[in-house]
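Structure first, commentary second.
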Amino acid sequence: MQSHKQPISALVVIYTAALDVLLLERADYPGAWQSVTGSREGDETLRETAMREVAEETGLDTARYALSDWQVQNEYEIYPRWLHRYPPGTTHNTEHVFGLQLPQQTPVNLAPDEHVKYLWLPWQEAAEKVFSPSNRAAILQLPQRVKA
Numbered sequence: 217m218q219s220h221k222q223p224i225s226a227l228v229v230i231y232t233a234a235l236d237v238l239l240l241e242r243a244d245y246p247g248a249w250q251s252v253t254g255s256r257e258g259d260e261t262l263r264e265t266a267m268r269e270v271a272e273e274t275g276l277d278t279a280r281y282a283l284s285d286w287q288v289q290n291e292y293e294i295y296p297r298w299l300h301r302y303p304p305g306t307t308h309n310t311e312h313v314f315g316l317q318l319p320q321q322t323p324v325n326l327a328p329d330e331h332v333k334y335l336w337l338p339w340q341e342a343a344e345k346v347f348s349p350s351n352r353a354a355i356l357q358l359p360q361r362v363k364a
């Protein structure tokens, strides 16, 4: 296991065909809600990172659903509260956005060291509730993403 996180991560917006979005409340930041997110480990691909994080944080098997790479990258300044997790001198993270569509709202199994609660909300409410601007922007893209 590496001692520091890589400043490369996957954000996975999990949603239903009705555009309900799964949000998770962080264990280390009460009141902070987000989609599944996590740093790349080793040499895994970004898709592998997304798949692993979804499994770790929700217990969902991405192979059973439609996981799509949205081909969106966000670079942002790492929140001061989490800088210690990264190599010294690292200030920014590059986040890669994925979507995972489920047929309907599904119960999930949280990783208790990472999240304490989950809820499903309509996309507009989910976008308002998340603390991360890049997470909000991704959720706001949902209506365009699911038009086919």
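Note that my numbering has the sequence shown beginning at 217, numbered continuously upward. C-beta: ideal position from N, C-alpha, C; glycine also.
In the three-state reduction of the DSSP assignment, K333 falls in the strand class, which pools E and B. Fully contained in the segment 225 to 292 are the following alpha helix (DSSP H) runs of length 4 or more, in chain order: 262 to 274. Among the bridge pairs identified by DSSP, V346 is matched with W249. Three or more beta-carbon pairs drawn from the segment 269 to 282 and the segment 220 to 234 are found closer than 8 Å, and the two stretches are therefore classed as touching. As a beta-bridge residue in DSSP terms, L316 pairs with I230, L283. Minimum Cα-Cα distance from A343 among the listed residues D244, A243, W249, S225 corresponds to W249.
Residue state for P359 is assigned as helix, using DSSP reduced to three classes. For P323, the three-state secondary structure derived from DSSP is coil.
With a beta-carbon spacing of about 23 Å, Y302 and P246 fall beyond the 8 Å limit used to define contacts. P338 carries a strand assignment under DSSP once its states are collapsed to helix, strand and coil.
Residue pairing of T310 in beta bridges, as defined by DSSP: I224, E291. Apart from the 5 residues on each side of it in sequence, W298 has no Cβ closer than 8 Å to any other Cβ in its chain.
D236 sits close to W336, with the two beta carbons spaced by under 8 Å. Two segments are said to touch when three or more pairs of C-beta atoms, one from each, lie closer than 8 Å; by this definition the segment 309 to 322 touches the segment 251 to 268.
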